[in-house]
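Going down the list, the sequences are from chains A and B.
Mapping of the first sequence onto the working numbering: residues 1 to 349, in sequence order.
Mapping of the second sequence onto the working numbering: residues 1 to 414, in sequence order.
Cβ coordinates follow ideal geometry from the N, Cα and C atoms, glycine included.
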Amino acid sequence: MKQVHPNWWLAAALLVLYPFPANDFFTVQIGAYSLILGTIALSLMILAGYGGMVSLSQLTAAGLAAYMVPILGTNTQGVLGFGWSYWFTLPVAVLTAALFSALVGLIAVRNSGIYMIMITLAVAVSVFFFTRQNYEIFNGFTGYSGIEAPKPFGLDLRAPIPFYYLCLIVAVTFVLTTLYTARTPFGLSLQAVRDNPRRASALGYSVPAVRISAFFLAGIIAGVGGIMLVFLNGRISPGTIGVDVVIDILVIAVVGGLRHPIGPFLGALAFVLLENFAIDLIDRERFNTVIGGAFLLIVLFSPDGLLGLWGRLKPQIGLASMTTKRGSQSSGLDIEPNSLKGRLSNENV
Amino acid sequence: MKTCRLLLGVALATNISLTAAWAEDLKIGAVAVLEGAFAVLGEDGMRGVTLALQEFDYTAGGRNITLITGSSDASPDSAVRATRKLVEQDGAPIVIGPLSGSEGLAIRDYAKTQPNATFINGVSAAQDTTLRESAENFFRFSTEGAQWMAGLGEYVYSEKGYRTVAVLAEDYSFPYTQVFGFLEPFCRMGGKAPQDARFYVPIGNKDYSSVIAALPDDVDAIYVALGGADAVNFLTQYEQAGGDLPLIGGSITVDQTVLGSEGRARDFVIGTPSAGPISDTWDDPRWAEFVAAYQAAFPDGFPSPSLFAHGYYVNTKAALLALDKVDGNLSDGGNAYRDALASLSFETPTGMVALDERRNAIADIFLTEVIEGPDGNLLNSTIKITPSVSQTFGLPYEEFLKYGPVSRENPACE
Numbered sequence: 001m002k003q004v005h006p007n008w009w010l011a012a013a014l015l016v017l018y019p020f021p022a023n024d025f026f027t028v029q030i031g032a033y034s035l036i037l038g039t040i041a042l043s044l045m046i047l048a049g050y051g052g053m054v055s056l057s058q059l060t061a062a063g064l065a066a067y068m069v070p071i072l073g074t075n076t077q078g079v080l081g082f083g084w085s086y087w088f089t090l091p092v093a094v095l096t097a098a099l100f101s102a103l104v105g106l107i108a109v110r111n112s113g114i115y116m117i118m119i120t121l122a123v124a125v126s127v128f129f130f131t132r133q134n135y136e137i138f139n140g141f142t143g144y145s146g147i148e149a150p151k152p153f154g155l156d157l158r159a160p161i162p163f164y165y166l167c168l169i170v171a172v173t174f175v176l177t178t179l180y181t182a183r184t185p186f187g188l189s190l191q192a193v194r195d196n197p198r199r200a201s202a203l204g205y206s207v208p209a210v211r212i213s214a215f216f217l218a219g220i221i222a223g224v225g226g227i228m229l230v231f232l233n234g235r236i237s238p239g240t241i242g243v244d245v246v247i248d249i250l251v252i253a254v255v256g257g258l259r260h261p262i263g264p265f266l267g268a269l270a271f272v273l274l275e276n277f278a279i280d281l282i283d284r285e286r287f288n289t290v291i292g293g294a295f296l297l298i299v300l301f302s303p304d305g306l307l308g309l310w311g312r313l314k315p316q317i318g319l320a321s322m323t324t325k326r327g328s329q330s331s332g333l334d335i336e337p338n339s340l341k342g343r344l345s346n347e348n349v
Numbered sequence: 001m002k003t004c005r006l007l008l009g010v011a012l013a014t015n016i017s018l019t020a021a022w023a024e025d026l027k028i029g030a031v032a033v034l035e036g037a038f039a040v041l042g043e044d045g046m047r048g049v050t051l052a053l054q055e056f057d058y059t060a061g062g063r064n065i066t067l068i069t070g071s072s073d074a075s076p077d078s079a080v081r082a083t084r085k086l087v088e089q090d091g092a093p094i095v096i097g098p099l100s101g102s103e104g105l106a107i108r109d110y111a112k113t114q115p116n117a118t119f120i121n122g123v124s125a126a127q128d129t130t131l132r133e134s135a136e137n138f139f140r141f142s143t144e145g146a147q148w149m150a151g152l153g154e155y156v157y158s159e160k161g162y163r164t165v166a167v168l169a170e171d172y173s174f175p176y177t178q179v180f181g182f183l184e185p186f187c188r189m190g191g192k193a194p195q196d197a198r199f200y201v202p203i204g205n206k207d208y209s210s211v212i213a214a215l216p217d218d219v220d221a222i223y224v225a226l227g228g229a230d231a232v233n234f235l236t237q238y239e240q241a242g243g244d245l246p247l248i249g250g251s252i253t254v255d256q257t258v259l260g261s262e263g264r265a266r267d268f269v270i271g272t273p274s275a276g277p278i279s280d281t282w283d284d285p286r287w288a289e290f291v292a293a294y295q296a297a298f299p300d301g302f303p304s305p306s307l308f309a310h311g312y313y314v315n316t317k318a319a320l321l322a323l324d325k326v327d328g329n330l331s332d333g334g335n336a337y338r339d340a341l342a343s344l345s346f347e348t349p350t351g352m353v354a355l356d357e358r359r360n361a362i363a364d365i366f367l368t369e370v371i372e373g374p375d376g377n378l379l380n381s382t383i384k385i386t387p388s389v390s391q392t393f394g395l396p397y398e399e400f401l402k403y404g405p406v407s408r409e410n411p412a413c414e
């Protein structure tokens, strides 16, 4: 194994020790919530960063997994609720998200760029309206509430500190898995397909198959993120997967940076902090302008997000590289002018 | 390792300074919808909070009050997020809000997890927030949607002579509550509201053409329970489509938040009967004083305070009066404070209000009709006052539960 840079150890120590100085609000509503949003945005980042495919339906996949928890498990709404044990509910929920994501992939992978964004957005909007108007399965506008996290061996996973660590373990596992997968033959073929689908195809790769598999894997990550989200809120309703939230996830991924799996988590942290505290900075009628303005500035001064900002600042403050080993790289060859790749991966800076 | 310790220290220091600041003042949180389709309503709600605080000069029970605001977008998730920040981060022991029906249900559930905090409703008016599975620390001094309809069903049946109505409402808990409150007496007297003439649209719906096209011709009137931008959109489009059926308004369909808007729908709604917790033209010194204070404090507000300003005002005032009773002492986790709230009864701009055993208000309800005021503003004028309307319409609790939870189909009314 290669030498791990001390900065990573520092980051790890901070993340592990974080709940002890923090109060419950900072542990859960800032810490755990950032990790959850980051996990869902990671699912988008994998598709966009490694696959050059911007999918806006990843939050929808997460939402479907979240809905499966009260539908298959228990809820206080009196609608469905089969009372399955968590050992069955959670895997089925994750599988639902993964299959949904793969299905979206199946529909969308033959397009790219703006067309894929439109198709996946259309799917997200349709599912949103479907959940809002369907009463038999999704219980309409009210959705489900009274959802409890499991309590294995008497440990309440929803208590602030256990829940934070649960989210941290989930997030770290997925970041490491992503970094690892990016170097496996599958990960490399995904990047090859992103950089030059025609050449990858000529080499014998099935471009749609590689892309759909990526959607399936991203769906797993989104699904687990969705389950964490439903445990956090104890409820799920169509508002959770509304169009504005879909855009939030895109903003988180883009603001964080799409070059490294850590990007979405930085973006999520910035987003959650602004969402919670912007209203304290300025009068209550204008705080959304502050949120929008902050993100605009980030993207304006650093097209590759907070990660890029860090990359540019670090030579000046004399810190060694934290993001040199980035997994998603572009060949610099761009024969597909319509693809978003040129903007998403910034190899040539 | 040095950097590590330094960063940890910074994290610690930031946190401590964030929680320790303002330890002297008492913080009161207020949550309202300040984003999305209901933002206009939320702003007026916040005016009500400010008005009550100004009346008390920002002190109650000998303590200075600091107001902290939270914003939601009418979705239950966002309301819980905003409230959680006020309680868990800002340390507000008292939170006023939320605004919208399904938000109220979510806050009630959240309240159960925070037994030491006290939650006082804004204007959320879903029935089940207090009727079923009520929380010990959630209080509602504003009445709810079914109470608000008191007298309307009887009025349109016997005075207007309507026998069959179509229903158009938003698709969530508050309009269900209003539809129930309107239809229950209407149908009991013999009126009809066929299931296929009931239309439920999502909040924030912009295009009503399909609903307007599907409205049946053989009804006497349309009962419309839409709020904010939704009501304005429907009224404008129905007028443009040449609709000529008389309207019956839900409590927030023809109130100041809608009547105050510009557009051709204005003339169209004159004469619409409605009912609610306030009446713009009520001829009473208490109400006149409230309107004058509102107009003086908010020259850019509505011509007359909406029921949102009124509801938030009443609830905030209750919070402050109870604080006075316990001398600002919340050191026992707020138990004495909540006892004081539960037994509180006081004069509001619309008469006396008291709570029932599930901490829901019993108050007077106004039957109104839209008229054009002397200066051209549209106003709701008082037709009749139904005194002391309770949540169970005067029935015993157990018996009232037999009506079943409010929903799209309740009451059946075929």
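Per-residue DSSP class, three states only, for residue i
| i | result |
| --- | --- |
| Met149/B | coil |
| Met352/B | strand |
| Val254/A | helix |
| Phe301/A | helix |
| Thr142/A | helix |
| Ser261/B | coil |
| Tyr337/B | helix |
| Ala214/A | helix |
| Tyr157/B | helix |
| Tyr50/A | helix |
| Ala11/A | helix |
| Ile379/B | The residue asked about is misnamed: residue 379/B is Leu in this sequence, not Ile. Correct three-state label for Leu379/B: strand. |
| Gly204/A | coil |
| Gly243/B | coil |
| Ser134/B | coil |
| Phe139/B | strand |
| Asn360/B | strand |
Residue from the options with nearest C-alpha to residue i
| i | options | result |
| --- | --- | --- |
| Val156/B | Gly191/B, Ile120/B, Gly301/B and Thr118/B | Gly191/B |
| Gln114/B | Leu379/B, Tyr208/B and Thr83/B | Thr83/B |
| Tyr165/A | Phe301/A, Ala32/A and Trp9/A | Ala32/A |
| Leu320/B | Pro93/B, Ala39/B, Pro202/B and Ser158/B | Pro93/B |
| Met228/A | Gly154/A, Val16/A, Leu64/A and Leu56/A | Leu64/A |
| Thr27/A | Tyr115/A, Ala61/A, Ser101/A and Phe163/A | Phe163/A |
| Thr350/A | Glu133/B, Leu53/B, Gly42/B and Leu395/B | Coverage of chain A is limited to positions 1 through 349, which leaves residue 350/A absent and any answer about it impossible. |
| Pro349/B | Lys85/B, Ser306/B and Asn116/B | Ser306/B |
| Tyr172/B | Pro277/B, Ser274/B and Gly204/B | Gly204/B |
Segment limits, alpha helix (DSSP H) that includes residue i
| i | result |
| --- | --- |
| Arg132/A | Gly113 to Gln133 |
| Lys317/B | Leu307 to Lys325 |
| Tyr164/A | Pro160 to Thr181 |
| Phe290/B | Pro285 to Ala297 |
| Tyr238/B | Gly228 to Gln240 |
| Thr50/B | Ala39 to Glu55 |
| Ser118/B | Before going further, note that residue 118/B is Thr rather than Ser in the sequence given. Premise fails: Thr118/B lies in the beta strand (DSSP E), Thr118 to Ile120, not in any alpha helix (DSSP H). |
| Val69/A | Gln58 to Leu72 |
Those residues which DSSP pairs with residue i across a bridge
| i | result |
| --- | --- |
| Phe366/B | Gly276/B and Ile385/B |
| Leu35/A | Its beta-bridge partners do not exist; DSSP assigns none. |
| Lys206/B | For Lys206/B, which the question treats as bridged, DSSP gives no partner whatsoever. |
| Lys27/B | Thr66/B |
| Thr164/B | Lys192/B |
| Phe302/B | Answer by DSSP bridge pairing: none, since Phe302/B is not bridged. |
Per-residue contacts from residue i into chain E (C-beta, under 9 Å)
| i | result |
| --- | --- |
| Asp171/B | Checking the listed chains, one finds no chain E in this structure; the protein chains it contains are A and B. |
Where the beta strand (DSSP E) containing residue i begins and where it ends
| i | result |
| --- | --- |
| Gly373/B | No beta strand (DSSP E) contains Gly373/B, which DSSP labels as neither H nor E. |
| Gly249/B | Leu247 to Gly249 |
| Phe26/A | Per DSSP, Phe26/A belongs to no beta strand (DSSP E) and is neither H nor E. |
| Arg63/B | Arg63 to Ser72 |
### Query
Is there contact here, the region 341-353 of chain B with the region 47-55 of chain B, by at least three beta-carbon pairs under 8 Å?
no
### Segment contact flag, the region 407-414 of chain B with the region 337-347 of chain B, C-beta cutoff 8 Å, min 3 pairs
no
### Task
For the region 118-136 of chain A and the region 47-62 of chain A, state whether three or more C-beta atom pairs, one from each stretch, are separated by less than 8 Å.
yes
### Task
Examine the Cβ distances between the region 210-226 of chain A and the region 106-113 of chain A and report whether three or more of them are shorter than 8 Å.
yes
### Query
Are the region 369-376 of chain B and the region 124-135 of chain B touching, with three or more C-beta to C-beta distances below 8 Å?
no
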